[in-house]
Amino acid sequence: MADDTERLKAFSGLLRPVAIGLAIVVAAAFLGKALVDAIRIRHKEQRITVTGSATRRIRSDFIVWEAKVRSRDVVLTVAYKKLAADVPVVVDFLKARGVGDQNIKVHSTVVTELHPTTADGREQPEVTVGYITEQMVQVKSSDIAKVERASREATQLIDRGIYIHSDAPLYMYTKLAELKIQMLAEASKDAHLRAEQIAANTHARLGGLLNAKMGVLQVNPEFSTEVSWDGNNDKTTLDKDVLAIVTASFALN
Numbered sequence: 008m009a010d011d012t013e014r015l016k017a018f019s020g021l022l023r024p025v026a027i028g029l030a031i032v033v034a035a036a037f038l039g040k041a042l043v044d045a046i047r048i049r050h051k052e053q054r055i056t057v058t059g060s061a062t063r064r065i066r067s068d069f070i071v072w073e074a075k076v077r078s079r080d081v082v083l084t085v086a087y088k089k090l091a092a093d094v095p096v097v098v099d100f101l102k103a104r105g106v107g108d109q110n111i112k113v114h115s116t117v118v119t120e121l122h123p124t125t126a127d128g129r130e131q132p133e134v135t136v137g138y139i140t141e142q143m144v145q146v147k148s149s150d151i152a153k154v155e156r157a158s159r160e161a162t163q164l165i166d167r168g169i170y171i172h173s174d175a176p177l178y179m180y181t182k183l184a185e186l187k188i189q190m191l192a193e194a195s196k197d198a199h200l201r202a203e204q205i206a207a208n209t210h211a212r213l214g215g216l217l218n219a220k221m222g223v224l225q226v227n228p229e230f231s232t233e234v235s236w237d238g239n240n241d242k243t244t245l246d247k248d249v250l251a252i253v254t255a256s257f258a259l260n
């Protein structure tokens with residue numbers, strides 16, 4: 008019995024260093040993990056992402072206007088002769104209102120055959136009952152006022168027996184590429200200012216720029232703020248609102 012007690016004490020003495028060693032290993036492992044986590048926390052990248060914008064009201068500096076001159080008759084040659092007589096009248100009408108000859112383009116003639124339909128609405132292509140001849144007259148100019156006037160008064164030609172269909176003018180801004188550079192710079196400054204204000208309110212110090220993404224320029228009718236992924240490019244209004252957006256990320260120290 009005494010021998011068993013002595014052996015148990017000896018075994019316990021051997022076990023104690025092993026247990027202490029294991030405890031040290033486990034403690035070291037936990038301490039190592041804590042140290043790594045502390046380093047990760049200390050060196051974790053902190054950033055702030057903001058969106059900056061810039062808006063500008065612009066006025067179009069170029070106009071495009073198109074009108075179709077049309078003639079119709081059961082005989083093709085008669086329809087074509089009427090069209091050939093009407094188009095020069097339209098051109099002279101434009102010149103009389105100050106539109107330069109170099110700003111006027113007359114497109115080639117388009118001929119459309121007219122076919123009757125059956126009682127159930129099916130077209131009969133084998134039968135021709137008439138012809139439509141048509142020519143497009145296009146005006147491109149930086150003198151917006153003159154072209155606008157001509158487009159409004161073009162309906163006067165109807166009283167002279169000329170069939171003319173006038174489209175709405177298209178308004179464009181030719182310096183959009185230059186404007187884009189200026190507005191993206193303004194939007195970037197706005198993004199930096201917003202980031203500084205947020206950082207100051209959170210008692211942080213704003214660091215350097217990490218990345219920036221410039222959005223597509225949005226050109227909308229005046230007083231409109233619509234945004235699309237591929238960008239808007241309004242051509243329906245003389246005055247437009249341009250919107251530039253920049254998304255930027257800054258480091259926080």
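Quick note, the numbering used here runs 7 ahead of the 1-based positions in the sequence shown.
C-beta atoms are modelled at their ideal positions from N, C-alpha and C, and glycine is treated no differently.
Alpha carbon of E95 to alpha carbon of L101, nearest angstrom: Here the sequence assigns Pro to residue 95, which means Glu is not the residue at that position. Rounded to the nearest angstrom, the two C-alpha atoms are 10 Å apart.
Inter-stretch contact at 8 Å, needing at least 3 Cβ pairs: the segment 50-64 / the segment 120-134: No, the segment 50-64 does not touch the segment 120-134.
G215 versus I252 - alpha carbon distance: 20 Å
Whole beta strand (DSSP E) elements within the segment 78-118, 3-residue minimum: 111-113
Straight-line gap, W236 to I111 (C-alpha atoms, nearest Å): 35 Å
Delimiting residues of the alpha helix (DSSP H) encompassing L191: That run of the alpha helix (DSSP H) goes 183-208.
Same chain, Cβ closer than 7 Å to T232, five either side skipped, listed in chain order: L250
Collapsed DSSP secondary structure at R212 in the structure displayed: coil
Touching by the beta-carbon criterion (3+ pairs, under 8 Å), the segment 73-80 and the segment 141-151: The answer is yes - the segment 141-151 touches the segment 73-80, with three or more Cβ pairs under 8 Å.
Contact check, V136 vs V81, beta carbons under 8 Å: Closer than 8 Å, so yes.
Cβ shell of V226 (< 6 Å), same chain only, five flanking positions each side left out: N239, N240, D241, K247, V249
Counted within 10 angstroms of its Cβ, other Cβ atoms place L217 as buried (16 or more) or exposed: L217 should be labelled exposed.
Among F69, Y138, A86, S195, nearest to T254 - alpha-carbon criterion: S195
Expected contact under 8 Å - CB spacing of A92 and T140 to nearest Å: That pair is no contact at about 11 Å.
Where F257 falls, given that 16 or more other Cβ within 10 Å makes a residue buried: buried
Contact set for L90: own chain, Cβ-Cβ below 8 Å, skip 5 residues either direction: V76, R77, S78, T116, T140, E141, Q142
A17, buried or exposed, once every other Cβ within 10 Å from all chains shown has been counted against 16: Low confidence applies here, because A17 scores a pLDDT of 49, under 50, leaving its location unreliable and the question unanswered by this model.
Burial state of I188 (16 or more Cβ within 10 Å): exposed
DSSP beta-bridge partners of E130: Its beta-bridge partners are T124.
Alpha-carbon spacing of F230 relative to R64, whole angstroms: 9 Å
Terminal residues of the alpha helix (DSSP H) in which V223 lies: Note, V223: premise wrong, no alpha helix (DSSP H); not H, not E.
Cross-strand partners of Y138 (DSSP beta bridge): D80, E120
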